[in-house]
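Asker:
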Amino acid sequence: MMSSRSQEILESLKENCPCFGGAVVATPEGLVLLATLQLSGDLPAACAAGLLGQVDDCLAALRAGRVNELMLWTSGGLWLAARLVNDHVLLLWATEAGFAGAVRLAAQQVAQQLNAVLG
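Everything in the sequence shown is counted per this note's numbering, starting at -1 for the first residue and increasing by one.
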């Protein structure tokens, strides 16, 4: 069970991330560690781990190395996936794609705080 401090860190995205739609922290196997708003549940956690894993596999064929951070612009908004300590994954969704810089900054700050707690 994750600490309440970890959940508080994730919840801070509500105030610090423009157009925040939700976030999940997953194990490398895709199990939920923490979740908030629309990304609660097993499916978002599995997708978070699977997303980085599949991109890692594709990049391995190019000898490009592992993914540390990935941003995707979709018709449904902006997605950011970041690798945390112990290969945990943070997946964040912003409902509007026009705030990429602010979303990335908020995610990096949260990732740093989560790494301190999860490490």
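Each residue gets a CB set at the ideal place from its N, CA and C atoms; glycine is no exception.
Whole angstroms is fine: what's the gap from residue 18's alpha carbon to residue 27's?
Answerer: The alpha-carbon atoms of residue 18 and residue 27 are separated by roughly 25 Å.
Asker: Out of 34, 54, 44, 108, point me to the one whose CA is closest to residue 14's CA.
Answerer: Checked all of 34, 54, 44, 108; the closest Cα to residue 14 is 108.
Asker: Would you call the CB atoms of residue 116 and residue 31 closer than 9 Å?
Answerer: Cβ distance < 9 Å, so residue 116 and residue 31 count as in contact.
Asker: With DSSP as the reference, identify every bridge partner of residue 114, one or two as the case may be.
Answerer: DSSP, once it has assigned bridges, lists no residue as partnering residue 114.
Asker: Please state the DSSP three-state secondary structure of residue 83.
Answerer: Three-state DSSP puts residue 83 in a helix.
Asker: Apart from the five residues on each side of it in sequence, which residues of its chain come closer than 7 Å, Cβ to Cβ, to residue 29?
Answerer: Excluding sequence neighbours, residue 29 sits near 43.
Asker: Please check the pair residue 83 and residue 47, which I expect to be a contact at CB under 8 Å, by giving their CB distance rounded to whole angstroms.
Answerer: With a Cβ gap of about 15 Å, residue 83 and residue 47 do not count as contacting.
Asker: Can you name the start and end residues of the alpha helix (DSSP H) that residue 62 belongs to?
Answerer: First-last for residue 62: undefined, no H or E at that position.
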